[in-house]
Amino acid sequence: TNVEDGATITTPFTVTMGAENFTVIAAGEPKPGEGHLHIMVDAPCIEVGQGIPKDETHLHYGAGQLEAGLTLAPGEHTLCLQAADGTHVALDGAGMQQMIKVTVQ
Numbered sequence: 172t173n174v175e176d177g178a179t180i181t182t183p184f185t186v187t188m189g190a191e192n193f194t195v196i197a198a199g200e201p202k203p204g205e206g207h208l209h210i211m212v213d214a215p216c217i218e219v220g221q222g223i224p225k226d227e228t229h230l231h232y233g234a235g236q237l238e239a240g241l242t243l244a245p246g247e248h249t250l251c252l253q254a255a256d257g258t259h260v261a262l263d264g265a266g267m268q269q270m271i272k273v274t275v276q
């Protein structure tokens, strides 16, 4: 909610995430309309119905976090914010993923 597409930022920075028509909760038993968020750094969003891997470019916020501290190298980067169910499976629906580009100074 605090970093717009095309923004120029300094690092480290804090990303504030949000959700509409979706309740952000900790990972666990999947429930309709609930789940948690992930950020893919310089990687595409994950196809709906697929599990989201966990590594240095696929960041998990399975405790239900709505803020994340990121440190990126100078240059252009893409960030994909993606919602997943309690078992880290990418969810279908409008707004369940959003891709932006940022430039780090």
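In the numbering used here, the protein residues as written are 172 to 276.
Just so it is clear, CB atoms sit at the ideal spot from N, CA and C, and this is done for glycine as well.
Here DSSP, grouped into helix, strand and coil, assigns GLN221 to coil. Within the model, the alpha-carbon separation for GLU191 versus LEU241 is close to 23 Å. Listed in chain order, the beta strand (DSSP E) runs fully inside the region 187-236 are 205-212, 229-232, counting runs of at least 3 residues.
Closest by C-alpha distance to ALA198, out of CYS216, GLY266, GLY177, GLY233, is GLY233.
In the structure shown, the three-state DSSP call for GLU175 is coil.
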